[in-house]
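Remarks on the structure that follows.
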Amino acid sequence: MTIVSFAIQKGGTGKTTSAVMMSALLARKKREVLLIDMDPQASATECLVDPSQIQENPCIGDVLLHRKDAKMRNAIRRCDYLKTLSFVPSKPAMLIDEYWGSYSNIFPDTLKIELTSVEKDYDYIILDCPPNLLHFTKNALWASEYVINTLEPEPLAYEGLNQFIVSILPDVKLHNQKLRPGGAILINRAPATRVYLPEEIKSRILNNPQMGQGFLFRTEVHLDQDLAKMPFHRKPASEYSSSRGVSDYAALTVEFESKIPP
Ligand SMILES: Nc1ncnc2c1ncn2[C@@H]1O[C@H](COP(=O)(O)OP(=O)(O)O)[C@@H](O)[C@H]1O
Ligand SMILES: [Mg+2]
């Protein structure tokens, strides 16, 4: 069993799309996968299920707050279209709890402790983090063995990646020595509206002593509308499309398994 966070403090970089797609494609390969939606915006949950079907299901916020005696095992749902994929949902109600500071005092090792009762049931536990470094991301990083970053090939995204690797990772490692960088995935989701400098960004990553050769996944994700339609279909795109983006993620999943064994 291996726990992997998809994290970076910047928003809209492809964390959720990557976490959902790679969880689904690993599950299609008969890996037992648990995807935990650590973002109160519930984007990963919206890509997997109609929220009206999980109203009674405890969410990750309930588990972390030990609310109504919620236990991790009771919060896990199996996808009915893909039996080897399970998930723990997030709910937008968590946003208002977060606004009022309900999660501010949870210990950073709460998720790690909660996972001990279920982790033996899975090959991979994938944690989709919010676009900040607060309590949900901190809990995810303290529980993980690997962290994967996603970024668009633009200058500020590179700076965000550098800040994460240089400042955040060493701090987490003081508390979780097992955590290792799992590498970064380049996501080309908006080339027409952004200043993309892919060759420059790749060369910076290659020449950064804390990243270097092999840090970047070889496969890049192309712009693909089918990937963006997951919240309409309530399914990972691999369940309804064989588009370019889906095959990109299939190739990324092969790389993922060779870098990160179960
Ligand atoms: N390769 C892609 N092609 C087109 N749209 C994409 C692609 N990857 C992500 N998106 C869309 O871009 C937005 C941000 O992606 P998302 O995965 O939610 O990022 P994050 O979780 O880092 O905030 C979402 O609307 C998503 O559907
Ligand atoms: Mg997200």
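The sequence shown begins at 103 in the numbering used here and counts up by one. Ideal Cβ positions, reconstructed from N, Cα and C, are used throughout, including at glycine.
A distance below 8 Å separates the beta carbons of residue 179 and residue 156. With fewer than 16 other Cβ atoms inside 10 Å of its own Cβ, residue 113 counts as exposed. Residue 188 is bridged by DSSP to 136 and 180. Residue pairing of residue 276 in beta bridges, as defined by DSSP: absent, with no partner found.
Taking all protein chains in view, the Cβ of residue 145 is crowded by 16 or more other Cβ atoms within 10 Å, so the residue is classified as buried. For residue 253, the enclosing beta strand (DSSP E) starts and ends at 248 to 253.
Shown here for residue 227: same chain residues with a beta carbon closer than 6 Å to its own, the five before and five after excluded, namely 105 and 136 in chain order.
Per DSSP, reduced to three states, the secondary structure at residue 121 is helical. If you look at residue 286, you'll find it isn't in any alpha helix (DSSP H); it sits in the beta strand (DSSP E) that goes 282 to 288. Under the 10 Å beta carbon count, residue 175 is surrounded by fewer than 16 other beta carbons and is classified as exposed. Set against 7 Å, the gap from the CB of residue 284 to the closest heavy atom of ligand 1 is not smaller. Taking the Cβ atoms as the reference, residue 287 lies roughly 6 Å from residue 354, within the contact range of under 8 Å. The nearest non-hydrogen atom of ligand 1 is less than 7 Å from the C-beta of residue 323.
If the five residues before and after residue 212 are omitted, its C-beta is found closer than 7 Å to the C-beta atoms of 166 and 241, all from its own chain and listed in chain order.
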